[in-house]
Amino acid sequence: MSILAIDAGNSRIKWGLYVSGRWLAQGWTATAQPHLDSQLGKLPAPKKIIASNVAGSAAAQAIETVCAIWKMTPHIVQAQPEQCGVRNGYATPHQLGSDRWAALIAARHLYPERDVLVVQIGTAVTIDALGADGRFRGGLILPGLALMLDSLARNTASLTPQQHGKFATFPDNTADAMFSGAANAIVGAIEHSFRQLETQPVCLLSGGDMDILLPLLSIPVQPADNLVLEGLLRIAQEP
Numbered sequence: 334m335s336i337l338a339i340d341a342g343n344s345r346i347k348w349g350l351y352v353s354g355r356w357l358a359q360g361w362t363a364t365a366q367p368h369l370d371s372q373l374g375k376l377p378a379p380k381k382i383i384a385s386n387v388a389g390s391a392a393a394q395a396i397e398t399v400c401a402i403w404k405m406t407p408h409i410v411q412a413q414p415e416q417c418g419v420r421n422g423y424a425t426p427h428q429l430g431s432d433r434w435a436a437l438i439a440a441r442h443l444y445p446e447r448d449v450l451v452v453q454i455g456t457a458v459t460i461d462a463l464g465a466d467g468r469f470r471g472g473l474i475l476p477g478l479a480l481m482l483d484s485l486a487r488n489t490a491s492l493t494p495q496q497h498g499k500f501a502t503f504p505d506n507t508a509d510a511m512f513s514g515a516a517n518a519i520v521g522a523i524e525h526s527f528r529q530l531e532t533q534p535v536c537l538l539s540g541g542d543m544d545i546l547l548p549l550l551s552i553p554v555q556p557a558d559n560l561v562l563e564g565l566l567r568i569a570q571e572p
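Following the working numbering, the numbering of the sequence shown begins with 334 at its first residue and continues without gaps.
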């Protein structure tokens, strides 16, 4: 079966076409100016379209436009109380973001007998704990690097650096100080969450800013590209 999976995030809309046991094609477009129809219009028609959308109405319209090419209705994923071997520990299961839910399902598929810390580093950072028994225990949401830096620049009178910062242990200029502070906040949250679990978990790291923060972490980390797409695929394949 051919499956088109679409992950509409706050900054990017990622997609992948899965055919005959492999990803035949993958790509992305900016959420602010999506061009999904031009990217996907020449692909062979899928048998099923599945999507996660946490980016609002504009992304929803872009997904609908693509589906109209083949006169298909997409399966828009919502978090469930239980699905694909994952039990949702949220007090109100449907409040959990569909991207986080799909990433948890992907993690369960990759490491079915391990505790897993699922970290996605994008516009927002999410840090989610998945038990070896398949139970989602809960997680954190905090601003990503760009949001932290933008908030500092917008809400202070003097923190307006004229250049992009880089990481330093003890920065000697404002741009580096802001960047290093934001990076340390995210790294600290990841490492603190890692150490709260009783057994050492597998820490899966995904998202657009993964490569920036990966060298700063002092815990063992497994990079994992496109966790949401992988989770959407598992949901689509569920009987």
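Where is the CB? At the ideal position from N, CA and C, for every residue including glycine.
Span of the beta strand (DSSP E) around residue i
i    : result
Q359 : 355–363
F469 : 468–476
R345 : 345–352
D461 : 457–463
S400 : In the sequence as displayed, the identity of residue 400 is Cys instead of Ser. No beta strand (DSSP E) contains C400, which is instead part of the alpha helix (DSSP H) from 390–402.
I454 : 449–454
S491 : Note, S491: premise wrong, no beta strand (DSSP E); not H, not E.
Beta-carbon contacts of residue i that lie in its chain and below 7 Å, excluding the five residues immediately before and after
i    : result
V520 : L546, L549, L550
L485 : L492, M511
G467 : G418, V419, R420, R441
I552 : E524, F527, C536
K499 : D509, F512
Cβ neighbours of residue i in the same chain (closer than 6 Å, five flanking residues each side left out)
i    : result
A341 : N386, A388, A392
Q496 : A508
W434 : A412
A465 : E446, R447, D448
A439 : L560, E563, G564
S539 : Q453, A557, L560
V554 : C536, L538
A569 : I336, K381, I383
L376 : L350
Rounded distance between the beta-carbons of residue j and residue i, thought under 8 Å
i    : j    : result
L450 : A462 : 6 Å
I383 : M405 : Rounded, the Cβ-Cβ distance is 11 Å, inconsistent with contact.
A363 : G349 : That pair is no contact at about 17 Å.
L357 : T398 : Actually they do not touch by this definition, with Cβ atoms about 21 Å apart.
T456 : L482 : That belief does not hold up - the Cβ atoms of T456 and L482 are roughly 12 Å apart, past 8 Å.
F469 : G422 : 5 Å
G374 : I402 : 6 Å
Assigned exposure category for residue i - 16 Cβ within 10 Å defines buried
i    : result
Q394 : exposed
R567 : buried
R355 : exposed
M334 : exposed
S526 : buried
I346 : buried
A436 : buried
D432 : buried
P367 : buried
I474 : exposed
Q533 : exposed
Q428 : exposed
D542 : buried
Q529 : exposed
Opening and closing residue of the alpha helix (DSSP H) in which residue i lies
i    : result
A510 : 507–529
Q372 : 369–373
D340 : Where D340 is concerned, there is no enclosing alpha helix (DSSP H), although the beta strand (DSSP E) it sits in stretches over 336–341.
Proximity test, residue i beta-carbon vs the ligand ADP heavy atom, cut-off 6 Å
i    : result
V449 : Of the ligands one can find in the structure shown there are none, so the ligand ADP has no counterpart to examine.
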